[in-house]
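Here is the structure we will look at, set down as structure tokens.
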Amino acid sequence: LVAKSYYDAGESGTAQATAGFAILAIIAQAVFTFFQYSKKPWKEQGGRTLAALLGLGPLIEGLSVWTGKEDSDLLLPGPQMYAVMKGLEIAFESIPESIIQLLGLLKAKAGDI
146 LVAKSYYDAG ESGTAQATAG FAILAIIAQA VFTFFQYSKK PWKEQGGRTL
196 AALLGLGPLI EGLSVWTGKE DSDLLLPGPQ MYAVMKGLEI AFESIPESII
246 QLLGLLKAKA GDI
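According to our numbering, the sequence shown is numbered sequentially starting from 146.
So, in structure tokens, the structure goes:
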């Protein structure tokens with residue numbers, strides 16, 4: 146929605162950067178999920194990776210932590226994987242988007258805010 150508002154305002158470069166960072170975060174989560182479940186059958190590995198590509202990775206990992214599901218075949222334990230997923234989201238999406246929005250505020254006139 147933020148990217149759409151930038152497109153509507155005629156700031157296509159900012160909109161593309163915003164969408165790009167969101168896509169980059171999702172791809173990073175999907176790649177990490179793929180390796181996290183590399184010892185699992187391909188259906189589970191593929192399903193988890195697809196879910197991460199749909200943006201559901203942090204939700205699924207959070208549910209695993211909340212329900213206490215432990216699995217010794219995974220690269221990282223559940224709480225650590227959840228932390229990695231949230232860390233990737235912060236590093237690749239939240240921080241860059243905050244900088245983009247800050248730059249937008251700095252460019253705006255006082256009456257526009």
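Note that CB positions come from ideal geometry on N, CA and C, so glycine has one too.
If you're wondering where the values come from, they're calculated on a predicted model, not measured in any experiment.
For Y152, the three-state secondary structure derived from DSSP is helix. In this structure, DSSP gives P224 a helical state, which the three-state scheme calls helix. In chain order, L198 place their CB closer than 8 Å to the CB of I172, counting only its own chain and leaving out the 5 sequence neighbours on each side.
According to the DSSP assignment, E242 belongs to the alpha helix (DSSP H) that extends over I240 to K252. If you look at F177, you'll find it in the alpha helix (DSSP H) that goes S157 to Q181.
Contact between the stretch 233–249 and the stretch 207–224 is absent: fewer than three C-beta pairs spanning the two stretches fall below 8 Å.
By a beta-carbon distance limit of 8 Å, G249 contacts T159. Their separation comes to about 7 Å. Excluding residues up to 5 positions away in sequence, V147, A148, Y151, E242 and I245 lie with their Cβ nearer than 7 Å to the Cβ of T163 in the same chain.
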